[in-house]
Amino acid sequence: MPSTSAALGRFPRTRMRRNRRTDWWRRLVAENRLSPDDLIWPFFVVDGSEIADPVASMPGVERLSIDRAVKAVREAHALGIPAVALFPSIQQALKTPDGREAANPDNLTCRAIRAIKDAVPDIGIVVDAALDPYTSHGQDGIVEDGRILNDPTVDMLCRQSLVQAGAGADVIAPSDMMDGRIGAIRDALDADGFDGCGIMAYAAKFASAFYGPFRDAVGSSGNLGAADKRTYQMNPANTDEALREVALDLAEGADMVMVKPGMPYLDVLQRVSAEFGVPTFAYQVSGEYAMLRAAIANGWLDGEKVVVESLLGFKRAGAAGVLTYFARDVAAKINR
Numbered sequence: 003m004p005s006t007s008a009a010l011g012r013f014p015r016t017r018m019r020r021n022r023r024t025d026w027w028r029r030l031v032a033e034n035r036l037s038p039d040d041l042i043w044p045f046f047v048v049d050g051s052e053i054a055d056p057v058a059s060m061p062g063v064e065r066l067s068i069d070r071a072v073k074a075v076r077e078a079h080a081l082g083i084p085a086v087a088l089f090p091s092i093q094q095a096l097k098t099p100d101g102r103e104a105a106n107p108d109n110l111t112c113r114a115i116r117a118i119k120d121a122v123p124d125i126g127i128v129v130d131a132a133l134d135p136y137t138s139h140g141q142d143g144i145v146e147d148g149r150i151l152n153d154p155t156v157d158m159l160c161r162q163s164l165v166q167a168g169a170g171a172d173v174i175a176p177s178d179m180m181d182g183r184i185g186a187i188r189d190a191l192d193a194d195g196f197d198g199c200g201i202m203a204y205a206a207k208f209a210s211a212f213y214g215p216f217r218d219a220v221g222s223s224g225n226l227g228a229a230d231k232r233t234y235q236m237n238p239a240n241t242d243e244a245l246r247e248v249a250l251d252l253a254e255g256a257d258m259v260m261v262k263p264g265m266p267y268l269d270v271l272q273r274v275s276a277e278f279g280v281p282t283f284a285y286q287v288s289g290e291y292a293m294l295r296a297a298i299a300n301g302w303l304d305g306e307k308v309v310v311e312s313l314l315g316f317k318r319a320g321a322a323g324v325l326t327y328f329a330r331d332v333a334a335k336i337n338r
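For the sequence shown, the residue numbers in our numbering are 3 to 338.
In structure tokens:
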């Protein structure tokens with residue numbers, strides 16, 4: 003931007019409204035655009051067949067059995083969505099203190115990856131490396147005497163990442179916020195011949211109150227109870243620390259980074275994108291989705307307009323793309 007107002011002209015010779023006068027003119031001078039290429043669709047899978055189980059706290063979102071998930075991913079691919087993010091909701095009986103089911107090569111996540119890759123080989127599959135869907139206590143790490151153990155958790159995350167990559171995952175997305183996990187996972191993937199598998203680091207993931215509906219969806223909220231994740235997820239008050247976290251993850255081999263949550267942290271997103279110039283993503287998390295859905299359902303907001311506006315906010319702040327539960331709806335609207 004020019005540093006002085008003199009370079010920008012003066013009223014009445016300069017009238018800013020001229021560039022807004024008609025639809026074609028507004029489109030011609032638009033600085034940011036939203037397309038299906040900007041979207042990653044997160045969804046939830048469960049065991050069984052022909053299941054579409056509604057998530058009560060996320061109206062319009064369902065836990066899908068693998069057969070239903072395959073159909074849904076076909077639809078997403080047809081709409082031009084380049085990638086999906088897969089999250090499991092496993093049976094309580096499979097959850098253990100160490101989350102060992104995460105490293106089972108035939109677990110729900112791995113079976114879903116294989117089925118989707120077989121059916122829709124050209125769509126990208128992003129999967130979390132995190133233990134909270136698999137632990138009986140709902141934490142993202144292994145717990146001992148009330149303390150989250152960093153290094154044993156990283157070891158389990160490496161095992162989890164290897165079985166996911168072996169099933170066909172294109173991108174591993176460590177969301178746990180353990181120290182050193184990006185480098186350890188990169189080394190493990192490379193050593194096993196998965197050097198083409200990417201890493202999207204949840205590099206700046208905050209200990210947010212906006213995650214509640216997601217925890218309902220994956221079945222971890224009851225396990226977590228009144229506990230929290232503040233000893234490993236970031237303090238919502240900090241932004242300089244976020245830059246340091248991103249720098250460390252990039253140094254350890256992350257291909258892409260993410261800021262989570264999204265809209266309450268647009269300042270962090272903007273700083274990360276401007277500082278590092280790497281593909282930076284935002285996650286429009288479950289709480290953001292639920293709030294918008296509730297306001298839309300009550301007729302307080304125009305659904306189509308407000309959702310697109312919220313996603314343009316991420317693009318304006320520097321996001322290369324957005325993980326959003328609205329992805330299919332927005333892609334369909336754009337393609338109309």
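Every residue, glycine too, gets a C-beta built ideally from N, C-alpha and C.
The structure presented is a predicted model; accordingly, all values stated were derived computationally and were not measured.
- C-beta atoms of A249 and S59 nearer than 8 Å: no
In or out: V13 buried (at least 16 other Cβ within 10 Å) or exposed?
It should be noted that the sequence gives Phe, not Val, for residue 13. The residue in question, F13, is exposed, as its Cβ has fewer than 16 Cβ neighbours within 10 Å.
Between the CA atoms of N337 and L30 - distance to the nearest angstrom:
19 Å
* Runs of alpha helix (DSSP H) lying entirely within the segment 68-110, each at least 4 residues, in chain order -> 68-80
Practice task
Please work out which residues of its chain come closer than 7 Å, Cβ to Cβ, to A190, disregarding the five sequence neighbours upstream and downstream, and give them in chain order.
Solution key: C160, S163 and L164
field: F155 - DSSP class collapsed to helix/strand/coil
entry: It should be pointed out that residue 155 corresponds to Thr in this sequence rather than to Phe. If DSSP states are grouped into helix, strand and coil, T155 belongs with the helices.
- Query: Nearest chain C C-beta to N34 closer than 8 Å, yes or no?
  - Reply: Although the question refers to chain C, the structure presented lacks it and comprises just one protein chain.
Next item on the list: Out of G126, R232, F328 and I42, point me to the one whose CA is closest to A169's CA.
Entry: G126
query: How many angstroms separate the CA atom of R102 from the CA atom of K307?
result: 44 Å
Pairwise C-alpha distance: I83 and M179 | 27 Å
- Which full runs of the beta strand (DSSP E) of 3+ residues lie inside the segment 20-59, going along the chain? 41-48 and 54-56
Selected residue, minimal CA-CA separation from G224, among A114, A78 and Q93:
Q93
Exposure of T24, with buried meaning 16 or more beta-carbon neighbours within 10 Å
exposed
Smallest Cα separation from A95: which of R116, A211, A205 and D49?
D49
**Asked** Under the three-state reduction of DSSP, which class applies to I115: helix, strand or coil?
**Response** helix
Which partner residues does P176 have in the DSSP bridge list? A131
TODO: Go ahead and pull the three-state DSSP assignment for V324.
DONE: strand
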